[in-house]
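Novice: Residue numbers (my numbering): 2 to 422. Don't be surprised by glycine CBs; every beta carbon is placed ideally from N, CA and C. Structure below; questions to follow.
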């Protein structure tokens with residue numbers, strides 16, 4: 002009996018062993034093979050080609066001899082021969098927006114309804130604009146892509162980079178002002194802040210009826226998702242420039258120490274840490290930051306002493322969060338100079354230049370694009386996309402927007418009529 006019992010155990014052990022062997026074999030057969038280094042590089046090279054970064058693509062393909070790699074390499078070399086170079090200061094068109102309206106029913110019925118209607122656009126309007134801009138063959142190019150700063154000892158000079166795009170494609174600069182989600186906008190139908198979700202993507206919080214919702218409720222996450230779907234809308238992965246003030250904090254975080262009481266200081270320091278983490282993620286994803294002054298001051302009318310005080314605050318409270326920047330975007334579009342080139346005799350320009358700024362953006366909607374290059378600076382004119390510009394297009398007094406999209410197809414007339422009720 003004992004022998005029989007041991008024999009049964011032996012048989013069961015053999016059966017179990019065979020079962021485990023077969024199971025492991027099946028797992029090995031069904032487990033997906035890890036992609037090779039070359040295949041990973043091939044995928045990255047294809048994405049680089051989609052975003053017109055041909056040199057990076059060729060570097061990724063170096064040493065690869067597969068049929069796919071060879072075909073892609075030949076295609077790149079052929080495409081490079083047909084590229085059009087953009088390197089003139091006045092060639093680069095620039096559209097800018099303010100915070101997008103999430104709920105027109107709230108924004109256009111609020112105390113600030115007239116201002117919102119004049120200076121902002123709704124999310125549906127923005128989505129239609131970007132779709133038409135893309136279909137009209139524009140490609141997002143960063144200000145940092147256009148300008149090259151060369152240093153020779155203590156002297157630095159500015160020059161225009163050669164932006165190369167396929168025939169028919171046109172470079173476009175995109176920027177957004179005042180991405181702070183100011184206190185006065187609370188409960189008026191705008192996003193609350195920008196944050197990093199569990200998937201590592203930049204999203205907005207939007208509060209409605211006391212309930213916080215997560216989604217693409219402003220320009221940054223909307224463009225991020227659009228570029229993900231249409232990578233050819235971005236040159237080398239660039240997306241746009243975010244212009245920030247500091248008096249109400251940045252990116253929806255109340256990070257201004259100078260505006261905080263001793264009681265609020267711990268919360269302010271926490272806000273600074275959160276804002277810095279979000280800002281780093283935004284930069285990593287193809288965006289750049291610019292100074293919009295700390296207090297949204299008029300650079301043309303303000304005396305130099307006020308500009309110096311204001312910039313000191315920006316450097317103290319905003320720069321540590323978003324990092325150093327060489328871009329200054331004029332509040333109100335008010336330039337420190339006229340149409341003539343900047344010179345050292347302009348004390349305001351001289352000061353800003355000494356502070357590290359060499360790209361300056363004003364506002365001029367009289368023409369599709371305007372730019373000016375000096376030895377130490379580049380100036381670029383932005384076109385405001387908002388209710389005022391919509392109206393000037395509709396009444397024919399200024400039709401500059403027609404270079405980019407059809408206002409009649411974009412504007413939400415029904416929602417905007419709420420302002421007049």
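1. Would you kindly report the start and end of the unbroken alpha helix (DSSP H) that includes residue 267?
2. Residue 405: beta carbon under 8 Å from a heavy atom of the ligand ATP?
3. In whole angstroms, what is the alpha-carbon distance linking residue 261 and residue 57?
4. Does residue 126 pass the burial test, meaning 16 or more other C-beta atoms within 10 Å, or should it be called exposed?
5. Looking only at its own chain, which residues have a Cβ that is under 8 Å from the Cβ of residue 89, when we skip the five neighbours before and after it?
6. From 243, 275, 271, pick the residue whose C-alpha is nearest to that of residue 291; which is it?
7. Under DSSP, the alpha helix (DSSP H) around residue 136 begins and ends at which residues?
8. I want to know whether the region 281-291 touches the region 212-229 - three or more CB-CB distances under 8 Å.
9. Going by DSSP, what residues sit across from residue 363 in a beta bridge?
10. Hey, how far is the Cα of residue 375 from the Cα of residue 156?
11. By a C-beta neighbour count over all protein chains shown, 10 Å radius and 16 as the cutoff for buried, is residue 205 buried or exposed?
12. Might you give, ordered along the chain, the residues of its own chain that have their beta carbon closer than 7 Å to the beta carbon of residue 369, omitting 5 neighbours on each side?
13. DSSP puts residue 373 in a beta bridge; with which residues?
14. Under 8 Å by Cβ, that's how I've got residue 343 and residue 350 pegged, so tell me the actual separation to the nearest angstrom.
15. Just the C-alpha distance for residue 202 and residue 358, rounded to the nearest angstrom, thanks.
16. Output the distance between the C-alpha atoms of residue 120 and residue 409, rounded to the nearest integer angstrom.
17. Measuring straight from C-alpha to C-alpha, what distance separates residue 118 and residue 264?
18. Mind checking residue 348: buried by the 16 CB within 10 Å criterion, or exposed?
19. Give, in chain order, every unbroken run of the alpha helix (DSSP H) that is at least 4 residues long and sits entirely within the region 141-171.
20. Considering just the uninterrupted stretch of the alpha helix (DSSP H) at residue 76, what are its terminal residues?
21. Rounded to the nearest angstrom, what separates residue 269 and residue 182 at their Cα positions?
22. Since residue 122 contacts residue 192 with CB under 8 Å, what's their CB separation in whole angstroms?
23. Just confirm the distance between the C-beta atoms of residue 395 and residue 105, as a whole number of angstroms; I'd bet it's less than 8 Å.
24. Looking at residue 406 and residue 134, is the spacing between their C-beta atoms short of 9 Å?
25. If you draw a straight line from the C-alpha of residue 171 to the C-alpha of residue 139, how long is it?
26. According to DSSP, is residue 207 part of a helix, a strand, or is it coil?
27. Quick check: what's the CA-CA separation for residue 232 versus residue 248?
Specialist: Let's see:
1. 266-285
2. Looking at this structure, you won't find the ligand ATP or any other ligand, since it has none at all.
3. 46 Å
4. buried
5. If we look at residue 89 and ignore the five residues flanking it on each side, its Cβ neighbours are 161, 372.
6. 243
7. 124-136
8. yes
9. 382
10. 14 Å
11. For residue 205, the number of other beta carbons within 10 angstroms of its own is at least 16, and it is reported as buried.
12. 94, 401, 404
13. 380
14. So it is a contact: roughly 4 Å between Cβ atoms.
15. 30 Å
16. 18 Å
17. 37 Å
18. Exposed: under 16 other Cβ atoms inside 10 Å.
19. 144-147
20. 68-81
21. Residue 269 and residue 182: Cα-Cα distance of roughly 16 Å.
22. Between residue 192 and residue 122 the Cβ distance is about 14 Å, and since that is not below 8 Å, they are no contact.
23. Residue 395 to residue 105, Cβ: 18 Å. No contact.
24. Cβ atoms of residue 134 and residue 406: closer than 9 Å.
25. Their backbone Cα atoms lie some 5 Å apart in a straight line.
26. strand
27. 35 Å
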